[in-house]
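Counting from 4, one number per residue, gives the positions in the sequence shown under my numbering. Note that beta-carbon positions come from the ideal geometry of N, C-alpha and C, so glycine has one too. In this text the structure is predicted, and so the values were computed from the model without any measurement. Everything below concerns the one structure shown next.
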Amino acid sequence: MVGGGVAGLSAALTLARARRSVLVVDSGEPRNAPAAAAHGLLSRDGVPPLGLLRIGREEVAGYGGRIVSDRVVAARRVAGGFVVEAASGRRFRARRLLVTTGLVDELPPVPGLRERPGPGRNELVRKGTCSPSRRFAALHSSALRA
């Protein structure tokens, strides 16, 4: 699995609990690291994002899953599966590949916004594409503040 954020660790936990062999390669740079709290999570509302990821890694490891700290730089299909190459030069072979690398914010052109980390730097509208023909836009619940 490429990516060890909330989605990646949730998938890894589910697979490890089902007794599948699981390896998560994660760069350790979650998008929500500057946030004070993660919300909307059953029994974990308000937990700091890095704390949530620590708990998730512990749970995955508790079921035999492995977490590797590295950055994936390439992945290619080979006979019988995939080979994933990491920035460190390590290579991992897998029958299946799940990519859960998240997203990158497209911030509006507000001077100084990109340089401002953490609280108050939330976009008003998030847009994306789920297939070549289907686009979406979602309103974010908090406004920009100076």
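Bridge-paired residues (DSSP) for residue i
{"i": "residue 173", "result": "Summary: the structure shown does not reach residue 173, with the chain confined to residues 4 through 149, and so no result is reported for it."}
Separation of residue j from residue i, as counted between CA atoms
{"i": "residue 71", "j": "residue 27", "result": "6 angstroms"}
{"i": "residue 101", "j": "residue 107", "result": "18 angstroms"}
{"i": "residue 10", "j": "residue 82", "result": "27 angstroms"}
{"i": "residue 99", "j": "residue 22", "result": "15 angstroms"}
{"i": "residue 38", "j": "residue 24", "result": "32 angstroms"}
Proximity of residue i and residue j at Cβ, strictly below 8 angstroms
{"i": "residue 68", "j": "residue 6", "result": "no"}
{"i": "residue 94", "j": "residue 87", "result": "yes"}
{"i": "residue 40", "j": "residue 50", "result": "yes"}
{"i": "residue 73", "j": "residue 90", "result": "yes"}
{"i": "residue 77", "j": "residue 52", "result": "no"}
{"i": "residue 12", "j": "residue 54", "result": "no"}
{"i": "residue 103", "j": "residue 14", "result": "yes"}
{"i": "residue 92", "j": "residue 56", "result": "no"}
Buried or exposed by the 16-neighbour rule on C-beta atoms within 10 Å, applied to residue i
{"i": "residue 43", "result": "exposed"}
{"i": "residue 16", "result": "buried"}
{"i": "residue 33", "result": "buried"}
{"i": "residue 31", "result": "exposed"}
{"i": "residue 113", "result": "exposed"}
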